[in-house]
Amino acid sequence: MNYLMTHIRIVTAFVIREIATRYGRSPGGYVWALLEPVAFIGLMSLLLGSLGRLPALGTSFTLFYATGYLAFSMYKNMEGYLASAVSGNKALMSYPKVSPFDAVAGRFILQAMTSCVVAFVILYAATWTTNQPITIQWNYIVEATAFAWIMALGVALGNTVLFFKFPLYQKIFDIVMRPLFLLSGVFYVPSHMPHPFSDILLANPITQVVVLFREGFYVQHGDTGLDMPFLITTSAGLLFVGMLLFTVFPVARARE
Amino acid sequence: MIRLERATKEVRMKGVRKMIIDDVTVTFPRGKSIGLLGRNGAGKSTLLQIIAGTLELDRGRIIRQGKISWPLGFQGSFQGNLSGEQNVRFVARIYGVDTDELVAYVAEFAELGQFYHAPVRTYSSGMKARLAFGVSMGINFDYYLVDEITAVGDTNFKRKSQQTFKEKLSNSDVIMVSHSTGTLRDYCQTGIVLENGQMTYYDDINEAIAVHESNMKRH
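First to last, the sequence lines map onto chains F and S. Every number in our numbering is 32 more than the matching position in the first sequence, counting from 1. Every number in our numbering is 707 more than the matching position in the second sequence, counting from 1.
Here it is as structure tokens:
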């Protein structure tokens, strides 16, 4: 119990520290965590919306784009932020009390809270851009978010070890993951794509997250390509492998 | 009390392996300050990290009873964009001590004046060292780990820090690595010599120093 309280305290300290340091010297500080995605999505939907065509689902391009982008960033932002949690706080591991997982847990909590606020603000605004009534089904949204975060945690924990051991792998990972945004169904509906592309796209677990997230906003008829068993096994598998690597190789305290 | 039981640690640096301790069982009794002696590269600093808990043993185990400090004067954790005060608050939160109390203590001890509220990146190295020493003194530990004590600040500050540290040692012990035998005699009553992966405990620091010096002559 005492042990648990200590780590809750340390994780809290990390959250407070990250809020103060994440945006370094830029004026406004942590407000940028909210402003950045809001501005980006706003700009993108303005640009794409001005092309004048109807989105693949519903009538609002803003809502269609926002749901896709937010679902994708639930994974991507979390993974990117967590992957540097240990390396970015390496000096703090010299405090015997601090364990590497505290740094990861602190960033996880902060990113989760930030993502939720960002999603609420953007989606609330986006629902005003459509004249159709929307029935929001929270269970899909919550599930999609949970899967995105679990996969991000697993990948980041594993990469913490692998990036440290194999610097070349980090370069390769960055290059390979760059097209992920295009391949995750953010601005199209994967099941509308011609065969066999639809199957290839749907084999990407992040695409599945986006599809599941959109189920919470759109009533769709026909097969959306959603594959829950695949999503569950992939998330659990990534988390398991990530935690295993992170536990077996204590890189955070290895000497350089 | 700190106790190593059949402890083994090997470090690998750029492909070179070095056995730091090999199947060592030793007890650091509470109530006596200990000086760690050994030749350059014997692994004294590594041993301090093992005692602190920031490095894991390969085999065997370590039992720690009591609160053990980070290396005295450690300043690597200070975040340049945070003020001295914010950095102190972070340490206070980690160690579960009253934040306001520690902030006030360090403010008085480190004598940083207005700089206390300025980002640490604007500090001189002396100011940073004073801040670090102040934080170390502001939290009560059972064991203070010292890797080469370095005096910081002007004469007055040196005298003050020395006095404060000596006062601390009436209730706490120090585990110290130093190349200066004078410093070791000054702070420690007992000693441990680290040589060829073995640790030998001596009740009297003077004896430990004598053994260490004869070791050094042999090679």
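For every residue, glycine included, the Cβ atom is placed at its ideal position computed from N, Cα and C. Since the model is a prediction, treat every value here as computed from it, not as a measurement.
Pull the bridge partners of residue i from the DSSP assignment, please.
{"i": "residue 240 (chain F)", "result": "DSSP lists no partner for residue 240 (chain F)."}
{"i": "residue 799 (chain S)", "result": "Paired residues: none, contrary to the question."}
{"i": "residue 826 (chain S)", "result": "S:790"}
{"i": "residue 900 (chain S)", "result": "S:744, S:907"}
{"i": "residue 851 (chain S)", "result": "S:881"}
{"i": "residue 723 (chain S)", "result": "S:720"}
For residue i, name the three-state secondary structure that DSSP assigns.
{"i": "residue 54 (chain F)", "result": "coil"}
{"i": "residue 37 (chain F)", "result": "helix"}
{"i": "residue 714 (chain S)", "result": "strand"}
{"i": "residue 708 (chain S)", "result": "coil"}
{"i": "residue 765 (chain S)", "result": "coil"}
{"i": "residue 203 (chain F)", "result": "helix"}
{"i": "residue 770 (chain S)", "result": "strand"}
{"i": "residue 251 (chain F)", "result": "coil"}
{"i": "residue 778 (chain S)", "result": "strand"}
{"i": "residue 731 (chain S)", "result": "strand"}
{"i": "residue 846 (chain S)", "result": "coil"}
{"i": "residue 163 (chain F)", "result": "coil"}
{"i": "residue 756 (chain S)", "result": "helix"}
{"i": "residue 108 (chain F)", "result": "helix"}
{"i": "residue 281 (chain F)", "result": "coil"}
{"i": "residue 234 (chain F)", "result": "helix"}
{"i": "residue 92 (chain F)", "result": "coil"}
{"i": "residue 220 (chain F)", "result": "coil"}
{"i": "residue 924 (chain S)", "result": "helix"}
{"i": "residue 288 (chain F)", "result": "Legend: pLDDT at residue 288 (chain F) = 43, less than 50; position of this residue unreliable, no value from coordinates given."}
{"i": "residue 916 (chain S)", "result": "helix"}
{"i": "residue 859 (chain S)", "result": "coil"}
Do you know offhand how far residue i's Cα is from residue j's?
{"i": "residue 67 (chain F)", "j": "residue 237 (chain F)", "result": "28 Å"}
{"i": "residue 898 (chain S)", "j": "residue 855 (chain S)", "result": "15 Å"}
{"i": "residue 762 (chain S)", "j": "residue 103 (chain F)", "result": "39 Å"}
{"i": "residue 40 (chain F)", "j": "residue 711 (chain S)", "result": "29 Å"}
{"i": "residue 852 (chain S)", "j": "residue 756 (chain S)", "result": "9 Å"}
{"i": "residue 875 (chain S)", "j": "residue 199 (chain F)", "result": "45 Å"}
{"i": "residue 278 (chain F)", "j": "residue 191 (chain F)", "result": "9 Å"}
{"i": "residue 223 (chain F)", "j": "residue 784 (chain S)", "result": "50 Å"}
{"i": "residue 157 (chain F)", "j": "residue 109 (chain F)", "result": "21 Å"}
{"i": "residue 162 (chain F)", "j": "residue 813 (chain S)", "result": "57 Å"}
{"i": "residue 729 (chain S)", "j": "residue 715 (chain S)", "result": "5 Å"}
{"i": "residue 115 (chain F)", "j": "residue 122 (chain F)", "result": "13 Å"}
{"i": "residue 735 (chain S)", "j": "residue 770 (chain S)", "result": "10 Å"}
{"i": "residue 230 (chain F)", "j": "residue 160 (chain F)", "result": "31 Å"}
{"i": "residue 743 (chain S)", "j": "residue 921 (chain S)", "result": "15 Å"}
{"i": "residue 234 (chain F)", "j": "residue 760 (chain S)", "result": "46 Å"}
{"i": "residue 846 (chain S)", "j": "residue 56 (chain F)", "result": "28 Å"}
{"i": "residue 840 (chain S)", "j": "residue 817 (chain S)", "result": "8 Å"}
{"i": "residue 274 (chain F)", "j": "residue 185 (chain F)", "result": "8 Å"}
{"i": "residue 883 (chain S)", "j": "residue 281 (chain F)", "result": "30 Å"}
{"i": "residue 90 (chain F)", "j": "residue 250 (chain F)", "result": "7 Å"}
{"i": "residue 61 (chain F)", "j": "residue 136 (chain F)", "result": "21 Å"}
{"i": "residue 130 (chain F)", "j": "residue 75 (chain F)", "result": "41 Å"}
{"i": "residue 87 (chain F)", "j": "residue 70 (chain F)", "result": "20 Å"}
{"i": "residue 823 (chain S)", "j": "residue 50 (chain F)", "result": "20 Å"}
{"i": "residue 155 (chain F)", "j": "residue 844 (chain S)", "result": "50 Å"}
Kindly give me the distance between the Cβ atoms of residue i and residue j, rounded to whole angstroms, as I take these residues to be in contact under 8 Å.
{"i": "residue 766 (chain S)", "j": "residue 713 (chain S)", "result": "7 Å"}
{"i": "residue 63 (chain F)", "j": "residue 138 (chain F)", "result": "With a Cβ gap of about 19 Å, residue 63 (chain F) and residue 138 (chain F) do not count as contacting."}
{"i": "residue 708 (chain S)", "j": "residue 717 (chain S)", "result": "About 26 Å; that fails the 8 Å criterion."}
{"i": "residue 801 (chain S)", "j": "residue 45 (chain F)", "result": "5 Å"}
{"i": "residue 786 (chain S)", "j": "residue 53 (chain F)", "result": "5 Å"}
Cβ of residue i versus every heavy atom of the ligand NAD: is any distance shorter than 6 Å?
{"i": "residue 806 (chain S)", "result": "Among the components modelled here there is no ligand, and therefore nothing to report on the ligand NAD."}
| message | Between the region 752-761 of chain S and the region 261-271 of chain F, can you find at least three pairs of beta-carbon atoms closer than 8 Å? | response | In this structure the region 261-271 of chain F does not lie against the region 752-761 of chain S, because fewer than three pairs of beta carbons, one per stretch, are closer than 8 Å.
| the region 237-251 of chain F contacting the region 167-183 of chain F, beta-carbon criterion three pairs below 8 Å | Under the 8 Å Cβ criterion, the region 237-251 of chain F counts as touching the region 167-183 of chain F, having at least three qualifying pairs.
| message | Assess contact between the region 848-865 of chain S and the region 776-786 of chain S, defined as three or more Cβ pairs (one per stretch) separated by less than 8 Å. Is contact present? | response | With three or more CB-CB distances shorter than 8 Å, the region 848-865 of chain S counts as touching the region 776-786 of chain S.
| query | Is the region 95-102 of chain F in contact with the region 158-167 of chain F, if contact means three or more CB pairs nearer than 8 Å? | reply | Output reads yes: the region 158-167 of chain F touches the region 95-102 of chain F.
| Inter-stretch contact (C-beta, 8 Å, three-pair minimum) for the region 137-155 of chain F and the region 82-92 of chain F | The region 137-155 of chain F makes no contact with the region 82-92 of chain F, as fewer than three CB pairs between them are under 8 Å.
| query | Is it a yes or a no for the region 830-847 of chain S touching the region 785-795 of chain S, going by three-plus beta-carbon pairs under 8 Å? | reply | Flag = yes, the region 830-847 of chain S and the region 785-795 of chain S touch.
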